[in-house]
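A.B. asks: My questions will all concern the structure given below.
2 protein chains.
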Amino acid sequence: MMADHDLAALLDPKSIAVVGASDDPGKIGGRLLRFLSEYGFAGDVLPVNPTRDAIQGLPALRSADHLPDGVDLAVVVTAADAARDAVQACARRGVRACVVLSSGFAELDADGERAQRELVAAARAHGMRLLGPNCQGIANLASGAVTSFSSSFTNFPLRDGPVAIVSQSGAVAGMLAALQHQHATGLRYWAATGNEADVSVAELIDAVLDDPGVRVVQAYCEHLADVPRLVAAAEKARRLGKAVLMVKAGATEAGAKAAGSHTGALAQPEVVVEAFLRRHGVVRARSLTELSGLSRIFETSAPVRGNRVGIVSNSGGLGVMMADVALTEGLELAELTDGTRETLRAVLPPFAAVGNPVDVTGQIVQQPHLLTRVLPALAADPWVDIVLVALGIVGPTYDIDTITDDVAALHAEAAARGVLVAVASVGGRPDLAERLTARGVPTFDDDAACVRAVARFAEHSAWLRRPLPAVAPAVAVPLPEGAGFLSEHASKELMTSWGLPVVPGRLAATPAAAAAVDLPHPLVVKLCSPAAAHKTELGAVRLGLTGTAAVERAAAEVLAAGRAAGIEPIEGVLVERMVRGGVEVSLGATWDPVFGPTVLLGSGGVHVEVLRDFRLLIPPLSRAAVVDAVRALAIHPLLTGARGAAPLDVDALVDLVLRFAERFAATGGALPEIDLNPVFVLSDGVVVADALVRVADARHEEGA
Amino acid sequence: MMADHDLAALLDPKSIAVVGASDDPGKIGGRLLRFLSEYGFAGDVLPVNPTRDAIQGLPALRSADHLPDGVDLAVVVTAADAARDAVQACARRGVRACVVLSSGFAELDADGERAQRELVAAARAHGMRLLGPNCQGIANLASGAVTSFSSSFTNFPLRDGPVAIVSQSGAVAGMLAALQHQHATGLRYWAATGNEADVSVAELIDAVLDDPGVRVVQAYCEHLADVPRLVAAAEKARRLGKAVLMVKAGATEAGAKAAGSHTGALAQPEVVVEAFLRRHGVVRARSLTELSGLSRIFETSAPVRGNRVGIVSNSGGLGVMMADVALTEGLELAELTDGTRETLRAVLPPFAAVGNPVDVTGQIVQQPHLLTRVLPALAADPWVDIVLVALGIVGPTYDIDTITDDVAALHAEAAARGVLVAVASVGGRPDLAERLTARGVPTFDDDAACVRAVARFAEHSAWLRRPLPAVAPAVAVPLPEGAGFLSEHASKELMTSWGLPVVPGRLAATPAAAAAVDLPHPLVVKLCSPAAAHKTELGAVRLGLTGTAAVERAAAEVLAAGRAAGIEPIEGVLVERMVRGGVEVSLGATWDPVFGPTVLLGSGGVHVEVLRDFRLLIPPLSRAAVVDAVRALAIHPLLTGARGAAPLDVDALVDLVLRFAERFAATGGALPEIDLNPVFVLSDGVVVADALVRVADARHEEGA
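Here it is in structure tokens:
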């Protein structure tokens, strides 16, 4: 199935050794053998036990040292000490992959961490891959290769299906499998990575995507490791038309960290994680139930062409409630064509609503074929991308066979045209949801959860429609010397050299030189020093100066204020044209040690940290992604001409963000932070009015 | 039970006539008799049918005119024309209440609306109350008085219980009943009000709260009618320790439009509805599933003393995910005491987490009594107000009897101390959730939904702890003459007369008079006219003027700008002190035709509509409610001293809002709108810098 893959021996082993096998099926070493038998694993099973010749009817080896050549997978279930020896023996015997279920390693203490490093060293020395230690193992439901002790496998017979569960936590993998079973669909892989000494969630996601039987990956992570591999996996998913869904826990922990003094410092881990996952089309869920619900849609449905929803219900109230949630979640209500309305009017009872939501009314009890005629009309409307079928079926009087047939037929037919069909079935007929699910129709018993999942699905489809940004060309960007903060003047010189539109200005060493600066008045005078990041608070900024006398006086005052505050070195004063009108935004960049370059676009002014009106972006950026970010800002209406004002040059802002992000990404981490704030968006162009660049200390902050 | 109540005959009838009774249980008139028998109604049942002497074994009357004296309730199920006659006959015969299931009235056309008015007139003429028409009826599950044709009653035997379902939509009432049945709890009342020609949802909520058996009302509305009655009901609920939960559909503009086409009612502004419900402690849900989940907590739990959550799980991952959702939803994670941690450390395995979330680990399989010791320790911690038990129980190996006993015991015990216990049970053991529910423990199969419902419950408890605002004293507020907008000067004079701190200023008719104004410079000069609402856009404002010459010149320019723009009448120029420093907020008031006075507190400046950083309040206001509103603003950190700035005088802002709201409420609607923007919050006090008052045209806008 994936024989040429690095992890093939782990995901699809033909032979499995169980080191620590037991006759007692209550023990882990016994349970494993039982699972392999119950799940019908047809390959070789080799129990290893130092004291027995046979285990559960299979001939046993006394030691892993006696393993034959060419064993694909060994599972180690012994205590930690014995596990180390076993892993070393397996590695020596040329076993291709090893699952270490034993605990007592890095999760415990420093000794455990050392022991874990020895496991990895032994494995790597012989080219053996290692899952765990301290993990609940892995299973392939197509082959029956279940090498896990999770109760998942004792509770109910898990079926093969289009999902791979890949989780750092075994308990969470178990819950996801239980939800998958509840919704009557199956899974191909079940994997829990534990300590991730070698194989990570990212690598497993990448690997399972190669299996043609896998359509959706349900992932659970508490920390994102092996980021380049995750990026590769996300790209592979996109290429193959598959989806990676993820709960990333620990979302709020980082958010509590206080905002720093710069816009760039706002890029806290959670916002970076969020931006990273969005950037790469990984669909994020906040709970296991949400993950499971999303999976139902991704397992059964093709991408949609848009986000305009047509709702049909047998209860006007339910339709309205779902319309409310749809609009709140970023979907749109489709405006039906006159033709659709006429068709509906001809079919429906006179008192039914033929707008959107369409209400077929309780009449469906008497005329179960109402949906037969309504659904295709709605799905054929060119303005409808998504059909939400809202069924409040509470009694036995409904003909649910007909309803199931109608909805399932539509779901199958509409997908080819990029139209999604999803169902909320609220009330006392769980059998209806079961039947629809069995026919491949994504069905929810929670009306709001249905709409939210559909909204996330539509966002993912929009991401798929958007072309991927071109990989940044290897531009050589000018970089400054030294380390630490640059002065405003040096920062702006650098930004100018990157081709950014910076406000015209000159550095003047003395008040007389300042007065002589040949720029159109009014002017601005600011203290210029690498040590004066917060000039306004120092009283070291003077705005709106007209006439050389005013400029000279301001320069003298600003220099005096700087000296009084003990600022040094003072490079002089920066004399600049004063920018008037427009709207202020801020543009920042931070080099994240894990995720690399991040760019922050937000509303401008000193209060960006307070108002938290910003969007984080991960280069390389597509134009569409930047346009979306600009639209997502609360101040966006100000840019497009709120209250009758003239619209501003949003195109120039988008250009600026693209160029800035491309240049910043090319620095390779040499500049940990840049803060351009404010940037004025004018009716014609944009202009950077303040800039602060920090240069990495080469000894401590080497970039990627 | 509630014999002295106006709606007693509707809610607890002793005798029921069925006008349009039928022998065919498939017909509505037959189904009703079957339900009354199946649900064990012990009172008199009087079928009325023009052609039969007996119906379903009961002696029948030929006409409603033959009804005996003193019938409590008549249900009319005939066609619309016959229904009118039947209602009139019932009214003449002294029937106390009438349920009109027949449709073909106001929901259909103008003729229907006329016919409906006749029904109401006939009923009122004889003091008969009327539910409907075009409704699905009402049921009392304690007495078996089921006078509804909803399939709710055919699907499963609904049980008596602590909930009343009161809905404008019969279909929605049916779904709510189905959800209530699914979660194995019961309901006392089921009511669907249809066209609400007489009895409204608000009046029914008010009435069912009088029943000692009702603890929670689940309400569904598309339009809030009879607002004073709803306020009275909300106050009664608070007094009696009961809760009103509501889905108000039509929250979005399009949703409201859809609801409007469904009910013919006008859209109600969502921000006002939201503020109104919050103000009165009506707990809002966005979907029926959410409503049902909230109900589970309110049915079984006493109010909590705070919002600090302690989480215990058997899966670290599940605990972390729930912590994420808890923080996002406004709950706090409790910081456990050292004592609690020590207890936990003594009880738990060495590798378990004793912080919050507490992770008892998979060890619970081997030691089912782990929770027995962990739960009381957590619930006894003085910093824990809410215990969330997160169970990922996927296999048959767990001792769920012990777990159920432990959790149920804690739930019962903790409530007395104001500590809430709720459970999320995710995975393959639905029997665990069933057992916990049967023991009265609020249990959810969706981890995030559990946390969200708990967060709403904690907010309601906080609302209960907050004293109700004193009813506004009947202050006589000064009101201006005339109609339409007042000039800024007149507006400010009015606000000054209300005792609000307005920036010092004088009206000057000429530039010379302006120059002579005796106020400390710098000054501000503004054109003053009732016709110049947007002065800045006109160029009719000059800031920061120092020296009489500058003031005189500015006044001349401003007057010229006003005349050039054709503004009239021009009262002169307003010369004021210039306010510097502080933070700008806006304070507005609108008199809503349905909800009365509303007060808006938001961030200041010209862009308040764009940034939507505001909170709407409904007087009378408590100080705590205003403090909460201030805290909810995005700019709140600026008021409390962001970035090391000095904190501003938030107390003075709260005083201003309270006084303004009290005065505005006392106007009785004479002033449809007031806009104070900006109001400067300074380090010592607040000052109103601009004001615009509109006076109602007495002919068109008479206040309440």
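Residue numbers (the numbering used here), protein chains in the order written: chain R, 1 to 704; chain G, 1001 to 1704.
The C-beta atom is built at its ideal place from N, Cα and C for all residues, glycine as well.
Note that the structure is predicted; figures quoted are calculated from it, not measured.
Would you say residue 1286 of chain G lies against chain R (beta-carbon separation less than 8 Å)?
C.D. replies: Closer than 8 Å: yes.
A.B. asks: Quick check on the burial criterion: 16 or more other C-beta atoms within 10 angstroms. Buried or exposed for residue 257 of chain R?
C.D. replies: Note that residue 257 of chain R scores 30 on pLDDT, short of 50, meaning its location in the model is unreliable and no value can be drawn from it.
A.B. asks: If you measure beta-carbon to beta-carbon, which residues of the region 307-327 of chain R are closer than 9 Å to chain G?
C.D. replies: Within the region 307-327 of chain R, the qualifying residues are 311, 313, 314, 315, 316, 317, 318, 319, 320, 321, 322, 323, 324, 325, 326 and 327.
A.B. asks: Got a sec: which bits of the region 325-346 of chain R sit with their beta carbon under 7 Å from any beta carbon on chain G, in order along the chain?
C.D. replies: Going along the region 325-346 of chain R in chain order, one finds 325, 327, 328 and 333 with a Cβ nearer than 7 Å to chain G.
A.B. asks: Rounding to the nearest angstrom, what Cα-Cα distance links residue 93 of chain R and residue 1338 of chain G in this structure?
C.D. replies: Taking the straight line from one Cα to the other gives about 51 Å.
A.B. asks: Going by CA-CA distance only, name the one from R/187, R/382 and R/230 that's closest to residue 207 of chain R.
C.D. replies: That would be R/230, whose Cα lies nearest to the Cα of residue 207 of chain R.
A.B. asks: For the region 1530-1559 of chain G, which residues have a CB atom closer than 7 Å to at least one CB atom of chain R, in sequence order?
C.D. replies: Residues: none.
A.B. asks: So, using beta-carbon positions, are residue 494 of chain R and residue 486 of chain R closer together than 8 Å?
C.D. replies: Yes. Within cutoff.
A.B. asks: Looking at C-beta atoms only, is the number of pairs between the region 1312-1327 of chain G and the region 1447-1460 of chain G that lie closer than 8 Å three or more?
C.D. replies: At 8 Å Cβ cutoff, the stretches touch.
A.B. asks: How would you write the range of the beta strand (DSSP E) that residue 588 of chain R sits in, first residue to last?
C.D. replies: First-last of the beta strand (DSSP E) with residue 588 of chain R: 583-592.
A.B. asks: Could you name the residues that DSSP lists as bridge partners for residue 1770 of chain G?
C.D. replies: Lying outside 1001 to 1704, the shown extent of chain G, residue 1770 of chain G is not represented and no answer is given.
A.B. asks: Within the 8 Å Cβ cut-off, does residue 1204 of chain G reach chain R?
C.D. replies: False, the Cβ-Cβ gap to chain R never drops below 8 Å.
A.B. asks: Does the beta-carbon of residue 1215 of chain G have 16 or more other beta-carbons within 10 angstroms, so that it is buried, or is it exposed?
C.D. replies: When all chains shown are included, residue 1215 of chain G counts as buried.
A.B. asks: Suppose contacts are defined by Cβ-Cβ distances below 8 Å. Is residue 1648 of chain G in contact with residue 1575 of chain G by that definition?
C.D. replies: Result no, Cβ atoms of residue 1648 of chain G and residue 1575 of chain G do not sit closer than 8 Å.
A.B. asks: Determine, for residue 396 of chain R, whether the minimum Cβ-Cβ distance to residues of chain G falls below 8 Å.
C.D. replies: With 8 Å as the cut-off, residue 396 of chain R counts as an interface residue toward chain G.
A.B. asks: Where residue 259 of chain R and residue 248 of chain R are concerned, what is the direct C-alpha to C-alpha distance, given to the nearest angstrom?
C.D. replies: Unreliable placement is indicated for residue 259 of chain R, whose pLDDT of 26 sits below 50; the coordinate value is still reported in the next sentence. Cα to Cα, the separation comes out at about 22 Å.
A.B. asks: Flag residue 49 of chain R as yes if its beta-carbon sits less than 8 Å from any beta-carbon of chain G, otherwise no.
C.D. replies: Answer no: the Cβ-Cβ gap between residue 49 of chain R and chain G never drops below 8 Å.
A.B. asks: Considering only C-alpha positions, which residue in the set R/186, R/173, R/454 and R/8 is nearest to residue 157 of chain R?
C.D. replies: Ranking the options by Cα distance to residue 157 of chain R, first place goes to R/186.
A.B. asks: Give the interface partners of residue 447 of chain R over in chain G, defined as CB-CB distance under 8 Å, in chain order.
C.D. replies: Under the 8 Å cutoff, chain G gives 1287, 1288 and 1289.
A.B. asks: For the alpha helix (DSSP H) holding residue 1495 of chain G, just list the boundary residues, first then last.
C.D. replies: Segment 1488-1497, the alpha helix (DSSP H) holding residue 1495 of chain G.
A.B. asks: Report yes or no: do three or more beta-carbon pairs, one from the region 1460-1470 of chain G and one from the region 1314-1321 of chain G, lie closer than 8 Å?
C.D. replies: The region 1460-1470 of chain G is not in contact with the region 1314-1321 of chain G.
A.B. asks: With C-beta atoms as the reference, is residue 1601 of chain G less than 8 Å away from residue 1657 of chain G?
C.D. replies: Yes, Cβ-Cβ distance for residue 1601 of chain G and residue 1657 of chain G is below 8 Å.
A.B. asks: Between which two residues does the beta strand (DSSP E) containing residue 558 of chain R stretch?
C.D. replies: Premise fails: residue 558 of chain R lies in the alpha helix (DSSP H), 548-564, not in any beta strand (DSSP E).
A.B. asks: If we require 3 or more residues per run, which beta strand (DSSP E) segments fall completely within the region 614-671 of chain R?
C.D. replies: Here the runs fully enclosed are 614-617.
A.B. asks: Pull out every residue of the region 178-212 of chain R whose Cβ sits closer than 9 Å to any Cβ of chain G, in chain order.
C.D. replies: Result list: 178, 179, 181 and 182.
A.B. asks: Could you tell me the alpha carbon to alpha carbon distance between residue 1545 of chain G and residue 521 of chain R, rounded to whole angstroms?
C.D. replies: Each residue's alpha carbon lies about 20 Å from the other.
A.B. asks: Which bits of chain G does residue 151 of chain R rub up against, with CB to CB less than 7 Å?
C.D. replies: Residues of chain G passing the Cβ test: 1394, 1395 and 1397.
A.B. asks: Any beta carbon from chain G within less than 8 Å of residue 246 of chain R's own beta carbon?
C.D. replies: No, no contact with chain G.
A.B. asks: Which bits of chain G does residue 485 of chain R rub up against, with CB to CB less than 7 Å?
C.D. replies: Result: empty, since nearest Cβ-Cβ is about 18 Å, beyond 7 Å.
A.B. asks: Just how far apart, CA to CA, sit residue 1268 of chain G and residue 1274 of chain G?
C.D. replies: The alpha-carbon atoms of residue 1268 of chain G and residue 1274 of chain G are separated by roughly 10 Å.
A.B. asks: For residue 1513 of chain G and residue 501 of chain R, I'd like the C-alpha separation in whole angstroms.
C.D. replies: Those two C-alpha atoms are separated by around 48 Å.
A.B. asks: Can we say the region 1328-1335 of chain G touches the region 1376-1385 of chain G, given the rule of at least three CB pairs closer than 8 Å?
C.D. replies: As far as the Cβ criterion goes, the region 1328-1335 of chain G touches the region 1376-1385 of chain G, which means the pair count is three or higher.
A.B. asks: Just reading off the beta strand (DSSP E) that residue 337 of chain R is part of, what are its end residues?
C.D. replies: First-last for residue 337 of chain R: undefined, no H or E at that position.
A.B. asks: I think residue 463 of chain R touches residue 281 of chain R, with their Cβ atoms under 8 Å apart; what is that distance to the nearest whole Å?
C.D. replies: Confirmed, Cβ separation roughly 5 Å.
A.B. asks: I think residue 1076 of chain G touches residue 1087 of chain G, with their Cβ atoms under 8 Å apart; what is that distance to the nearest whole Å?
C.D. replies: Yes, residue 1076 of chain G and residue 1087 of chain G are in contact; Cβ-Cβ is about 6 Å, under 8 Å.
A.B. asks: Measuring CB atoms only, is the region 1009-1028 of chain G touching the region 1039-1051 of chain G, in the sense that at least three cross pairs come out at less than 8 Å?
C.D. replies: They touch, by the three-pair rule.
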